[in-house]
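Novice:
Number of protein chains: 2
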Amino acid sequence: MTATRASGTNAVRYGTMKDNVLALTVVTADGEEIRTAQRARKSSAGYDLTRLFVGSEGTLGVITSITLRLQGIPAKISGGVVAFPTLEDACKAVIMTIQMGIPVARIELLDEMQIRACNAYSKLSYAERPTLFVEFHGTEETVELQAAQFGEIAAEFGGGAFAYTANAEERNLLWKARHNAYWASRALAPELAALSTDVCVPISRLAECVAATQADIRENGFLAPVVGHAGDGNFHVLLLFNDQDAADVEKAEAFLERLNGRALAMEGTCTGEHGIGQGKISYLEQELGSALPTMRAIKAGLDPNNIFNPGKIFRL
Amino acid sequence: MTATRASGTNAVRYGTMKDNVLALTVVTADGEEIRTAQRARKSSAGYDLTRLFVGSEGTLGVITSITLRLQGIPAKISGGVVAFPTLEDACKAVIMTIQMGIPVARIELLDEMQIRACNAYSKLSYAERPTLFVEFHGTEETVELQAAQFGEIAAEFGGGAFAYTANAEERNLLWKARHNAYWASRALAPELAALSTDVCVPISRLAECVAATQADIRENGFLAPVVGHAGDGNFHVLLLFNDQDAADVEKAEAFLERLNGRALAMEGTCTGEHGIGQGKISYLEQELGSALPTMRAIKAGLDPNNIFNPGKIFRL
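Note that the protein sequences, when read in sequence, are chains A and B. Here our numbering is used: the first residue of the first sequence is 1136, the next is one more, and so on. Here our numbering is used: the first residue of the second sequence is 1136, the next is one more, and so on.
This is the structure we're talking about:
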């Protein structure tokens, strides 16, 4: 689980985790410690080594310190929850919110199965429908306005009652379902193994990609709730399966193959947050095959003896 | 002049130009065209080649196409201008605005000499004081609120009357000084050569860095207006000097040496936007000397015959 996934902060407003890394110190293959940047908010001084090492999954060097960009604590934070008739309606509300320039801080999508799991686990009674959890950061006046504007947009796409609060305790209650989503999903079948995976598509394709994935899940009888960072076009599937049963493992692998193929066909990526590791090496080949020689040349140049996390991201 | 400099969009809200590049196609040294990413808003799939090629100043390959992130045109744009007693007051207002989480779209600082140049060139009558030009993007209600909140902050730091409008024509008039800043500066002494340079420091050091630079300019009798992307801690100096006079050239070079040394001493960078090229090779060595072997290894790996823009960024 990455910090981004845990917090669900919308990259539209705060950038991704990568965007919030200003500088690194890294020990390179020759044993030297290098610094990749100073503390300025932006720089055009040489190659962007910060971004090269972030997301390289330990294959280029050992990161020994990180300089992060700090975000101010907003004067006011408000949050809300609203359910939609269909997934497409929820996604259209997200797109309209972004197009209107409403600076939403978080906008998270939970699908019907995820809501059902959350209701059971956290003893809640949300309608079992595609649901958006939103959060606004600003001053007392701006968060009120933004919430009101979002409420209008949600209503336009058939959203039900928009439960909304600027009170911190009430907000934590509203967001409880989202915060406990992982454990709620596990509790659907504690005896099964859980595989957490993610893909990311252009936001305009998000509804289509999630809906096709839900149909796939239904057809195969999987327990597999979906949680999306809707503002980024990124979503997670927590696939529950019996890892002691060869047939179930095979079925799960075939599902992952279809999920990644679907995202790639929609000009998306096989991973928005989780990375490639070993499990997605073949999907990276499909996604960015033409770029692999360049990645390998970088690896060879910076780690000629292949001492850093060998066997990850791509085959040498 | 980069697009960022021309528009002065605040990286706090929209990210830098780099952040708005989603993907590239690049022809590499072996003559192959590679694609660095899909169209998803974020990805963790392999090394971030997009960011490596952007800002590499043509030294790693030839960029043949760019996929940009689009920003929605806001429903409403409002703009304003306010002068401050001192540079420090103006910078404190910037810091407070950011700390309050007011999503300012542009926040540009023009120093006294720049305002004087703009008044003369564009026939305006702004007070010759450090001045902030701001712009807010959102809906009718939010831009009003944000402008009001900014006005209060400006007043708190001694800002004069905050001229503000949501009318597009009036806004263009208000911003005219900023838009014409480059030509206004040139017009201070059309017979002189102009050297445009930039540095970037942590925002907390911006006032100190600009003030010390102004003192340096005064002591040496330079014509050298300052324009800052204050929200980023980034500022430009347009140094006017006689490039036919060896003594003046030497004086200008010594000034640049001090300007860059000052930025580096404040944990800043020798360039926020312009890049290294040939002129800043020695400053990059001072700034990120420990990282140069890594940059050289990347260059050697991707361009073994040194065919791409040789002699730029660093010495091989």
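Glycine residues also receive a C-beta, built at the ideal position from the N, C-alpha and C atoms. Small disclaimer: the values here were computed from a predicted structure and weren't measured.
Taking DSSP as the reference, what is the three-state secondary structure of A:TYR1182?
Specialist: Looking at A:TYR1182 - three-state DSSP - the assignment turns out to be coil, as it is neither helix nor strand.
Novice: In angstroms, rounded to a whole number, what distance separates the CA positions of A:PRO1428 and A:GLU1422?
Specialist: Using only the alpha carbons, I get a separation of about 13 Å.
Novice: Work out the CA separation of B:ASP1333 and B:ASN1307 for me, nearest whole Å.
Specialist: In a straight line, the C-alpha of B:ASN1307 is about 25 Å away from that of B:ASP1333.
Novice: Could you confirm whether any beta carbon from chain B is found closer than 8 Å to the beta carbon of A:SER1142?
Specialist: Here A:SER1142 scores only 47 on pLDDT, less than 50, and its place in the model is too uncertain to base an answer on.
Novice: Give the list of continuous beta strand (DSSP E) stretches no shorter than 3 residues that lie fully inside the region 1376-1420 of chain A.
Specialist: Runs found: none.
Novice: Looking at chain B, which residues of the region 1356-1384 of chain A have a Cβ within less than 7 Å of any of its Cβ atoms?
Specialist: Listed in sequence order: ASP1367, GLY1368, ASN1369.
Novice: Among the candidates B:GLU1167, B:ARG1174, B:ARG1170, B:GLU1168, whose CA atom is the shortest distance from the CA of A:GLY1403?
Specialist: Per the Cα distances, B:ARG1174.
Novice: For A:TYR1261, does the three-state DSSP call read helix, strand or coil?
Specialist: Three-state DSSP puts A:TYR1261 in coil, outside helix and strand.
Novice: Along the region 1217-1245 of chain B, where does the CB come closer than 9 Å to a CB of chain A? Name the residues.
Specialist: From the region 1217-1245 of chain B, only ILE1233, GLN1234, MET1235, GLY1236, ILE1237, PRO1238 have a Cβ closer than 9 Å to chain A.
Novice: Reducing DSSP to helix, strand and coil, say where A:ALA1138 ends up.
Specialist: Caution applies to A:ALA1138, whose pLDDT of 33 falls short of 50 and renders its modelled position unreliable; the value that the coordinates give is listed next. In the structure shown, A:ALA1138 sits in a helix (DSSP, three-state: H, G or I).
Novice: Closest to B:GLY1446 by C-alpha separation, out of B:LYS1415, B:GLY1236, B:SER1425, would be which residue?
Specialist: The residue with the shortest Cα to Cα distance from B:GLY1446 is B:LYS1415.
Novice: With a threshold of 8 Å, are at least 3 pairs of Cβ atoms found where one atom belongs to the region 1425-1443 of chain A and the other to the region 1178-1185 of chain A?
Specialist: Touching, no, given that fewer than three Cβ pairs across the two stretches are closer than 8 Å.
Novice: Return yes when the C-beta of A:ARG1176 is under 7 Å from any heavy atom of the ligand GDP, and no when it is not.
Specialist: Ligands displayed in this structure: none; no statement on the ligand GDP is therefore possible.
Novice: Hey, is the region 1371-1384 of chain B in contact with the region 1259-1275 of chain B, meaning 3+ C-beta pairs nearer than 8 Å?
Specialist: Touching, no.
Novice: B:TYR1299 versus chain A: which residues are under 8 Å apart at the beta carbon?
Specialist: Residues of chain A passing the Cβ test: none, with the nearest at roughly 17 Å.
Novice: Quick check on B:PHE1357: does DSSP put it in helix, strand or coil?
Specialist: If DSSP states are grouped into helix, strand and coil, B:PHE1357 belongs with coil.
Novice: With A:SER1320 as the anchor, note down where its alpha helix (DSSP H) starts and where it stops.
Specialist: Start and end: 1316-1321.
Novice: Pick helix, strand or coil for A:SER1425, following the three-state DSSP scheme.
Specialist: A:SER1425: helix per DSSP, three-state reduction.
Novice: Between B:HIS1314 and chain A, is the shortest Cβ-Cβ distance under 8 Å, so that the two count as touching?
Specialist: No - not a single Cβ of chain A is within 8 Å of the one on B:HIS1314.
Novice: State the Cα-Cα distance for the pair B:SER1142 and A:ASP1351, rounded to the nearest angstrom.
Specialist: Low confidence applies to B:SER1142: its pLDDT is 47, below 50, so where it sits in the model is not reliable, and the reading given next is rough at best. Between B:SER1142 and A:ASP1351, the C-alpha separation is close to 47 Å.
Novice: Which same chain residues, not among the five before or five after A:VAL1345, have their C-beta less than 8 Å away from its C-beta?
Specialist: The answer, listed in chain order, is LEU1222, CYS1226, LEU1244, ASP1246, VAL1361, GLY1363, PHE1370.
Novice: Using a C-beta cutoff of 8 Å, does B:ALA1329 count as contacting chain A?
Specialist: For B:ALA1329, the answer is no, since every Cβ of chain A falls outside 8 Å of its Cβ.
Novice: Within this structure, are the beta carbons of A:LEU1280 and A:ASP1438 separated by less than 8 Å?
Specialist: Contact: no.
Novice: Listing by chain order, which chain B residues have their CB less than 7 Å from the CB of A:VAL1336?
Specialist: By Cβ distance, chain B contributes ALA1175.
Novice: List, in order along the chain, the chain B residues whose C-beta lies closer than 7 Å to that of A:ARG1170?
Specialist: Near A:ARG1170 (Cβ distances below 7 Å), the residues of chain B are LEU1423, SER1425, ALA1426.
Novice: Would you verify that the beta carbon of B:ARG1186 is, or is not, closer than 8 Å to some beta carbon of chain A?
Specialist: Judged by the 8 Å Cβ criterion, B:ARG1186 is in contact with chain A.
Novice: List the residues of chain A whose Cβ lies closer than 8 Å to the Cβ of B:GLY1286, in chain order.
Specialist: Those within 8 Å of B:GLY1286 in chain A number zero; the least Cβ separation is about 13 Å.
Novice: In the region 1269-1284 of chain B, which residues sit with their C-beta less than 9 Å from some C-beta in chain A, listed in chain order?
Specialist: Against chain A - using a Cβ distance shorter than 9 Å - the residues of the region 1269-1284 of chain B are HIS1272, GLY1273, THR1274, GLU1276, THR1277, LEU1280, GLN1281, ALA1283, GLN1284.
Novice: Over what stretch of residues does the beta strand (DSSP E) that includes B:ASP1246 continue unbroken?
Specialist: Segment: none, B:ASP1246 is in no beta strand (DSSP E) and carries neither H nor E.
Novice: Who are the Cβ neighbours of B:ALA1342 in its own chain at under 6 Å, not counting the five residues just before and after it?
Specialist: Around B:ALA1342: LEU1222, GLU1223, CYS1226.
Novice: To the nearest angstrom, report how far apart A:LEU1309 and A:ARG1397 are at their CA atoms.
Specialist: Answer to the nearest angstrom: the Cα atoms are 33 Å apart.
Novice: Just to confirm the assignment: which complete alpha helix (DSSP H) runs, minimum length 4, are found wholly within the region 1195-1235 of chain A?
Specialist: List check, alpha helix (DSSP H) in window: 1222-1234.
Novice: Which residue comes first and which comes last in the beta strand (DSSP E) that contains B:PHE1268?
Specialist: Unbroken beta strand (DSSP E) run through B:PHE1268: 1266-1273.
Novice: Which of the three DSSP states is assigned to B:ILE1352 in this structure?
Specialist: B:ILE1352: helix per DSSP, three-state reduction.
Novice: Could you tell me whether any Cβ in chain A is nearer than 8 Å to the Cβ of B:ASP1351?
Specialist: Chain A, which has no Cβ nearer than 8 Å to the Cβ of B:ASP1351, makes this no.
Novice: Using the three-state DSSP reduction, which class does B:THR1300 fall into: helix, strand or coil?
Specialist: B:THR1300 falls in the strand class under three-state DSSP.
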